[in-house]
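Reminder that position 32 of the sequence shown reads as 32 in UniProt numbering, one-by-one numbering, no gaps. Structure, as structure tokens:
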Amino acid sequence: MPKSYSRSQKSASEIISLSKRDDNWLLSRLDYLWTNFFSDVAQINPVSIGFGRYSKLRLGSVRLDRTTKKTFITLTGMFKDERIPVEVVDQTIAHELCHYAHGFSSPKPRLHKYPHYGGVINKELRKRGLVNLIKAYAKWLKEYRESL
Ligand SMILES: [Zn+2]
């Protein structure tokens with residue numbers, strides 16, 4: 001009798017537990033993006049980045065602690081899943097960096113009334129030569145929404 005072969009299907013939590021993506025990896029992505037695409041944006045306060053809890057809908061956020069004057073970028077723990085393209089993670093970090101540059105969740109002067117006013121984030125990403133991240137994110141988001 002031939003032996004049947006079945007490839008084991010790992011669950012998302014198994015994949016995440018084996019992931020090499022940790023807060024240090026996020027820090028290296030932030031450094032890469034800031035150095036290469038946001039070098040004109042001065043860092044005027046401490047900025048931290050890390051994974052938060054697993055959220056399917058809230059993919060990233062940035063906040064300023066008014067007391068300590070520190071900025072925190074948080075990404076969904078879902079992004080530890082290495083099946084999610086690195087460009088999607090980079091897009092999310094770059095999005096939060098745009099907020100920082102525009103004076104939202106940063107001590108910088110506010111450039112707009114609202115953080116997403118008139119598509120300012122994608123305009124900023126395009127201006128900085130990051131249209132590839134916009135495209136990669138849109139492609140992933142379409143498939144992701146269909147899988148929800
Ligand atoms: Zn935003």
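No residue lacks a Cβ here, since even glycine has one placed at the ideal position from N, Cα and C.
The stretch 61-74 makes contact with the stretch 89-106; the number of CB pairs closer than 8 Å reaches 3 or more.
DSSP lists Ser48, Arg63 as the beta-bridge partner residues of Phe72. Around the beta-carbon of Lys113, fewer than 16 other beta-carbon atoms lie within 10 Å, marking it exposed. Note that the stretch 110-127 does not touch the stretch 64-80; fewer than 3 beta-carbon pairs, one per stretch, sit closer than 8 Å.
Arg53 has its alpha-carbon roughly 18 Å from the corresponding atom of Leu148. In terms of Cβ geometry, Ile15 and Glu82 form a close pair [threshold 9 Å].
Exposed is the label assigned to Ile44, since fewer than 16 other Cβ atoms lie within 10 Å of its Cβ. When C-alpha distances from Ala138 are compared across Pro85, His102, Leu26, the shortest belongs to Pro85.
Gln43 carries a coil assignment under DSSP once its states are collapsed to helix, strand and coil. Per DSSP, Arg7 lies in no alpha helix (DSSP H) segment and is marked neither H nor E.
The Cβ atoms of Val47 and Thr74 lie no closer than 9 Å to each other. Relative to the non-hydrogen atoms of ligand 1, the Cβ of Pro115 comes within a distance shorter than 8 Å of at least one. Around the beta carbon of Thr76, 16 or more other beta carbons sit within 10 angstroms, so the residue counts as buried.
Secondary structure at Gly129: coil, using DSSP grouped into helix, strand and coil. Assigned with DSSP and collapsed to three states, Glu82 falls in coil, not helix or strand.
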